[in-house]
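Colleague: Have a look at this one before I ask anything.
Below you can see the structure in the form of structure tokens.
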């Protein structure tokens with residue numbers, strides 16, 4: 046592979062908003078893009094601290110999100126409490142194994158993997174690790190692509206509440222777990238937005254200097 | 013004020029590697045030599061075409077929000093639900109978080125996306141740059157992270173299947189409109205912001 050030169054080494058700051066390449070270095074604070082007026086930063090400010098803050102908050106809320114009920118169904122056959130995992134099991138037992146798989150991935154696999162990946166990326170960046178940079182860069186891009194699919198369960202609950210409103214026959218009511226679950230999804234999204242993937246590669250740049 | 017650097021470079025947004033810019037054919041994609049991220053994609057649509065997609069998406073957005081998503085029949089008890097019916101029911105049943113999250117990600121974010129795209133593209137299709145172009149582009153980029161009609165569409169399908177053994181469910185116009193909206197809004201927002209900025213700078217204010 047030919048030698049890679051970074052924008053930072055060239056003394057170029059790409060505007061995070063409009064992409065204009067401006068002359069400037071990491072040390073120049075308070076510069077604004079001459080084209081769109083956005084503040085220029087070589088890297089996202091306080092990237093790692095913000096990533097951890099959102100991630101830790103998400104991990105804490107993940108516990109009630111899975112333990113508390115996300116919705117309650119009242120029908121002629123009695124009332125039933127549902128958790129996130131319980132919803133997957135029901136779909137599976139009903140014979141919709143394909144949808145059960147989709148919901149399992151969106152509601153359980155994606156949030157857990159997202160938090161693990163964010164933690165691994167944050168730790169390795171903090172240690173200026175050289176370990177598997179390509180794979181970590183790809184992990185970050187995957188995170189970006191699949192993160193918002195976890196919102197699925199929030200929509201399912203909202204729609205079921207709106208659709209099943211037959212007093213005395215059948216009713217669906219929200220449980221406290223769904224608010225916690227929605228908060229987990231939003232917090233993990235904020236965490237991955239805060240993480241600057243360029244930091245993964247900065248280790249080598251620092252060594253070279 | 014910093015000055016503009018040479019524009020013959022393409023800098024990877026994911027790893028900061030600088031590349032020499034080269035000419036690309038329509039639909040071609042440039043990849044970063046270091047981290048493999050997408051550097052740039054040669055645009056398939058002109059601002060004209062994007063404007064047409066935005067208007068089509070806006071029509072679907074209106075249909076998706078006023079027509080019922082699904083009709084339900086439980087032993088003679090008959091119910092319909094629009095998107096807003098579901099939001100209001102969630103709010104009234106005490107789950108304000110669900111109502112606010114769904115309204116923000118399925119209604120307000122796509123609405124802001126479509127308005128900002130239309131505002132930027134309408135003058136640009138005639139070779140002019142809209143006043144406050146930078147502000148509209150900032151809105152477009154910010155709300156893009158939170159616009160999720162595609163996830164809602166899948167959620168609606170899951171909800172339909174879950175109801176399947178309790179009631180007879182019939183998908184309605186709203187659901188089809190959400191499907192079309194998802195496809196169109198993806199086309200509208202898939203463009204490269206840097207490309208639109210470059211076109212806008214060539215246009216007169």
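Residue numbers (my numbering), protein chains in the order written: chain A, 46 to 254; chain B, 13 to 217. Backbone N, C-alpha and C define an ideal beta-carbon position, used for all residues, glycine too. In this text the structure is predicted, and so the values were computed from the model without any measurement.
1. At 9 Å on the CB atoms, spell out the chain A contacts of residue 61 of chain B, in chain order.
2. Just to confirm, is the Cβ distance from residue 115 of chain B to residue 102 of chain B under 7 Å?
3. Got a sec: is the Cβ-Cβ distance from residue 209 of chain B to anything in chain A below 7 Å?
4. Can the beta-carbon of residue 171 of chain B be found closer than 7 Å to that of residue 187 of chain B?
5. Taking only runs of the alpha helix (DSSP H) that begin and end inside the region 149-189 of chain B, which ones reach a length of at least 4 residues, in chain order?
6. Got a sec: which bits of the region 167-196 of chain B sit with their beta carbon under 9 Å from any beta carbon on chain A, in order along the chain?
7. Tell me the rounded alpha-carbon separation between residue 215 of chain B and residue 183 of chain A.
8. Nearest chain B C-beta to residue 181 of chain A closer than 7 Å, yes or no?
9. In chain order, what residues of the same chain have a beta carbon less than 8 Å from the beta carbon of residue 60 of chain B, not counting five sequence neighbours either side?
10. Where do the N-terminal and C-terminal ends of the beta strand (DSSP E) with residue 123 of chain A fall, by residue?
11. Since residue 215 of chain A and residue 86 of chain B are thought to touch, with beta carbons under 8 Å apart, how far apart are those beta carbons, to the nearest angstrom?
12. Output the distance between the C-alpha atoms of residue 57 of chain A and residue 210 of chain B, rounded to the nearest integer angstrom.
13. Output yes if chain A places a C-beta closer than 7 Å to the C-beta of residue 46 of chain B; else output no.
14. Based on the DSSP output, what are the partners of residue 165 of chain A in its beta bridges?
15. Quick one: what's got a C-beta closer than 8 Å to residue 201 of chain B's C-beta in the same chain, skipping five residues either side?
16. Beta carbons nearer than 8 Å to chain B: which residues of the region 194-215 of chain A have them?
17. Less than 8 Å between the CB atoms is what I'm expecting for residue 163 of chain B and residue 185 of chain A, so what's the real figure, rounded?
18. Should residue 243 of chain A go down as buried or exposed, given a rule of 16 or more other Cβ atoms within 10 Å for buried?
19. When you compare only the Cα positions, how much space is there between residue 217 of chain A and residue 93 of chain B?
20. Would you list the residues sitting across from residue 85 of chain B in a DSSP beta bridge?
21. Report yes or no: is there a C-beta of chain B within less than 7 Å of the C-beta of residue 51 of chain A?
22. Using 8 Å as the Cβ pair cut-off and three pairs as the minimum, do the region 85-102 of chain A and the region 68-80 of chain B touch?
23. Are the C-beta atoms of residue 174 of chain A and some chain B residue less than 7 Å apart?
Modeller: In terms of the structure at hand:
1. Within chain A, no residue has its beta carbon less than 9 Å from that of residue 61 of chain B; the closest one is some 21 Å off.
2. no
3. yes
4. no
5. 161-175
6. Those residues of the region 167-196 of chain B that come within reach of chain A (Cβ to Cβ, closer than 9 Å) are 167, 168, 169, 170, 171, 172, 173, 174, 175, 176, 177, 178, 179, 181.
7. Whole-angstrom Cα-Cα distance: 37 Å.
8. no
9. 137
10. 123-127
11. 6 Å
12. 18 Å
13. yes
14. Looking at the DSSP output, residue 165 of chain A sits in no beta bridge, so it has no partner there.
15. 125, 129, 152, 156, 159
16. Under the 8 Å Cβ criterion, the region 194-215 of chain A contributes 194, 196, 197, 198, 199, 200, 201, 202, 203, 204, 205, 206, 207, 208, 209, 210, 211, 214, 215.
17. Not confirmed; about 20 Å, so no contact.
18. With 16 or more other Cβ atoms within 10 Å, it is buried.
19. 14 Å
20. B/90, B/180
21. yes
22. no
23. no
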